[in-house]
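Heads up, the thing below is written out as structure tokens.
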DNA sequence: CTGAAAGCGCTTACAG
DNA sequence: CTGAAAGCGCTTACAG
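Residue numbers (full-length UniProt numbering), protein chains in the order written: chain A, 1 to 346; chain B, 1 to 346.
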């Protein structure tokens with residue numbers, strides 16, 4: 001009557017193990033494992049009885065044990081290297097995060113959210129990744145000179161970027177919306193609706209969106225035979241305040257502008273405020289085009305004409321590329337088309 | 001010369017193990033492990049040489065192995081049971097998510113993001129949690145009748161809610177802003193600045209914010225000796241469109257209202273649009289008070305007077321409570337004060 | 001097709 | 001204070 005006390009945590013019931021399943025099904029643990037791996041080299045009879053046992057017992061594989069032997073974690077990191085404020089303020093990114101979570105869940109892969117916005121965080125994340133705690137990383141920042149990149153390379157971890165990685169040598173897989181074509185669509189729209197002095201508020205020039213959307217602006221002007229006036233170009237930091245300041249600057253420099261293509265909706269709401277204060281009506285005096293089709297675009301007065309990025313498909317493709325990389329496939333790149341959404345501001 | 005080929009994944013270098021550290025330090029693996037656990041019952045000399053070896057080798061513990069023996073995952077889930085759109089559109093929640101990630105990182109605990117907005121997702125999440133893949137969960141939805149709750153209870157997993165869980169028996173630990181007091185501050189502000197026909201657009205009545213903020217509204221009117229006119233109360237669904245519809249309804253029912261307390265900034269932007277279309281000036285004809293102090297509050301025209309929720313502290317406290325629960329402490333509750341932010345709309 | 005066995009990298013009583 | 005050893009729950013050659 002003095003049995004050794006069973007080992008217990010504060011959880012009452014221990015989940016069934018592969019051992020229980022094997023006993024229930026009347027086979028060896030090896031066979032159960034083979035069924036778990038896809039059922040190759042398993043007789044139909046064994047397959048069936050194992051599956052029945054799994055259902056009956058409600059068996060779920062213990063990932064820690066599997067991970068220990070396979071040297072695979074079975075999870076993926078979603079890594080933010082932006083200063084956090086910027087990311088979390090940007091509704092695009094939350095859409096992206098949601099999409100990646102869902103897409104990974106379909107493969108039963110948990111998403112681990114990590115931030116590396118400052119030095120201590122970067123150290124922690126680097127250690128975590130180097131220790132092999134994830135099989136790959138979905139990387140969101142595309143600022144050039146990203147200090148995490150070197151670490152990732154050293155850890156030899158599969159990575160997929162959101163947005164074209166700037167200033168990187170080698171082939172780094174990424175998924176991006178077609179920023180340049182999106183910008184071109186917007187500027188064409190402005191021109192086609194009769195605007196002639198079209199300014200632009202570009203994003204930071206160390207980000208792909210900042211660079212590409214400005215390229216698009218220039219290309220369309222050229223296309224229409226309009227000489228590019230550098231005075232019509234201002235740069236913001238993707239924040240609302242940055243957009244506001246840039247608009248003030250533009251108004252001062254080029255009082256007769258009649259349209260502005262703003263590289264993000266958030267900046268566009270700032271531009272709207274500046275125009276309002278300057279007594280310019282939108283779209284009467286000045287047409288305003290945004291980029292992103294974020295909630296802010298709808299909430300703005302007037303609602304913003306903007307460029308929609310296909311975030312659902314971006315996240316889907318990021319996950320697809322990452323899983324392919326993890327499986328050993330070659331790096332690839334996916335560029336997805338954008339869509340012009342015409343509302344009241346232009 | 002025929003050594004067995006070393007086992008390899010596609011990663012080149014295998015991280016050092018506790019075995020390597022023990023060899024380097026000249027002690028047993030047990031001693032290394034004891035150092036890892038906090039260094040109790042370890043001689044100063046051993047402690048030092050083990051730490052030196054850890055540094056030299058860049059050793060990082062293998063969580064899968066640890067988890068296998070301790071029966072603890074060392075990670076925590078951040079679980080969204082809202083229909084996803086709502087969550088990800090709400091900037092409060094992303095702030096919360098960020099805060100929780102950071103707070104957990106300080107304890108070296110990875111945050112696993114999970115969504116359970118529909119039935120297949122709920123099944124998957126339930127299996128994952130029941131399998132013991134996380135030590136606890138941070139739960140965000142507070143809609144009453146949440147179908148995940150029962151599963152969590154069955155799995156005997158520590159849980160902390162964000163927001164007061166409605167209609168739950170038993171003591172469930174939660175952290176919330178003081179919704180009622182926040183609402184009272186706003187309504188008092190409206191009344192103190194001379195408004196007399198103060199309407200409200202409440203949130204859904206199956207959410208704590210929806211209920212509590214409406215309570216606050218009623219209480220202040222009573223406090224000021226103003227009889228509550230039920231016609232002045234409308235309910236929205238926290239969306240922009242819902243706020244707009246509710247405002248239209250109120251305007252129709254009570255054309256002479258001169259203020260409205262809206263239970264979220266997002267709904268308030270909708271209300272602003274409706275007022276604009278009805279030709280009412282804000283704050284001239286109608287004062288508008290929001291709730292949340294989200295980015296939308298700043299972007300709104302005019303910028304919204306609103307109630308700020310202390311999201312940083314909320315996330316911090318949620319993590320603290322959850323870790324305490326995991327460590328076996330009793331359930332507790334934390335209510336945090338809000339702050340009135342006066343801008344232009346009221 | 002299947003079982004027995006080794007081993008993944010840790011932690012934790014148990015002796016000493 | 002410390003080492004030897006068992007064991008956590010899996011996967012995977014290896015024989016058969």
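For glycine and all other residues, C-beta sits at the position ideal for the given N, C-alpha and C.
Close Cβ partners of residue i (< 6 Å) along its chain, the five nearest in sequence each way excluded
i	result
residue 237/A	204
residue 49/B	25
residue 249/A	234
residue 182/B	307, 338
residue 342/A	305
residue 220/A	184, 187, 188
residue 32/A	18, 21, 22, 50
C-alpha gap between residue i and residue j, whole angstroms
i	j	result
residue 11/A	residue 158/B	In this predicted model, residue 11/A has a pLDDT of only 46, less than 50, meaning its place in the structure is not dependable; the value taken from the coordinates is given anyway. Looking at the two C-alpha atoms, the distance is approximately 10 Å.
residue 135/B	residue 72/B	6 Å
residue 34/B	residue 21/B	12 Å
residue 324/B	residue 186/B	34 Å
residue 217/A	residue 256/B	49 Å
residue 201/B	residue 243/B	7 Å
residue 266/B	residue 298/A	11 Å
residue 130/A	residue 149/A	13 Å
residue 127/B	residue 293/A	36 Å
residue 326/A	residue 125/B	24 Å
residue 29/A	residue 40/A	15 Å
residue 114/B	residue 132/B	14 Å
residue 19/B	residue 54/B	11 Å
residue 14/A	residue 174/B	27 Å
residue 78/A	residue 106/B	18 Å
residue 240/A	residue 270/A	5 Å
residue 334/B	residue 313/B	10 Å
residue 75/B	residue 110/A	11 Å
residue 223/A	residue 152/A	41 Å
residue 27/A	residue 44/A	13 Å
residue 303/B	residue 123/B	43 Å
residue 121/A	residue 98/B	13 Å
residue 328/B	residue 268/B	42 Å
8 Å CB neighbourhood of residue i in its chain, flanking five on each side removed
i	result
residue 190/A	198, 259, 261, 287, 289, 346
residue 16/B	57, 58, 59
residue 285/A	258, 275
residue 212/A	164, 179, 180, 183
residue 251/B	257, 274, 275, 278, 280
Beta-carbon separation (whole angstroms), residue i vs residue j, contact threshold 8 Å
i	j	result
residue 81/B	residue 140/B	7 Å
residue 263/A	residue 210/A	7 Å
residue 65/B	residue 68/A	5 Å
residue 283/A	residue 344/A	7 Å
residue 301/B	residue 301/A	5 Å
residue 178/A	residue 336/A	7 Å
residue 95/A	residue 94/B	About 11 Å; that fails the 8 Å criterion.
residue 340/A	residue 138/A	Incorrect: roughly 28 Å between the Cβ atoms, too far for contact.
residue 92/B	residue 311/B	6 Å
Close-in-space but distant-in-sequence residues of the same chain around residue i (CB under 7 Å, 5 per side omitted)
i	result
residue 103/A	315, 316, 319
residue 61/B	36
residue 273/B	244
residue 171/A	331
residue 101/A	111
residue 196/A	258
residue 155/A	129, 130
Cβ-based contacts, 8 Å cut-off: residues of the stretch 126-150 of chain A near chain B: Correct list: 127, 128, 130, 131, 132, 133.
Which residues, in chain order, does the stretch 96-120 of chain B contribute to contact with chain A at a C-beta distance below 8 Å? Taking 8 Å as the Cβ-Cβ cut-off, the stretch 96-120 of chain B approaches chain A at 97, 98, 101, 102, 105, 108, 110, 111, 112, 113, 114, 115, given in chain order.
I'd like the ranges of any alpha helix (DSSP H) spanning at least 4 consecutive residues and lying wholly in the UniProt domain "HTH lacI-type" (16-70) of chain A. As far as the UniProt domain "HTH lacI-type" (16-70) of chain A is concerned, its whole alpha helix (DSSP H) runs of at least 4 residues are 18-25, 29-36, 44-57, 63-70.
My parser needs the beta strand (DSSP E) runs of 3 or more residues fully inside the stretch 260-326 of chain B; what are they? Listed in chain order, the complete beta strand (DSSP E) runs (minimum 3 residues) inside the stretch 260-326 of chain B are 287-289, 306-308.
Output needed in chain order: residues of the stretch 292-313 of chain B with a Cβ under 8 Å from some Cβ in chain A. 295, 296, 298, 299, 300, 301
Using a Cβ-Cβ cutoff of 9 Å, what residues of the stretch 266-283 of chain A are near chain B? List them in chain order. 266, 269, 270, 272, 273, 276
Going along the stretch 42-60 of chain B in order, which residues come within less than 7 Å of chain A, judged by CB to CB distance? 60
Ordered list of beta strand (DSSP E) runs contained in the stretch 85-136 of chain B, each at least 3 residues: Whole beta strand (DSSP E) segments, 3+ residues: 111-115.
Pick out the complete alpha helix (DSSP H) segments inside the stretch 140-187 of chain A, 4 residues or longer, and give them in chain order. For the stretch 140-187 of chain A, whole alpha helix (DSSP H) runs of length 4 or above, ordered along the chain, are 148-155.
To be precise: take each residue of the stretch 321-342 of chain A, compare its Cβ to all Cβ atoms of chain B, and keep it if any distance is under 9 Å. Which residues remain? 326, 328
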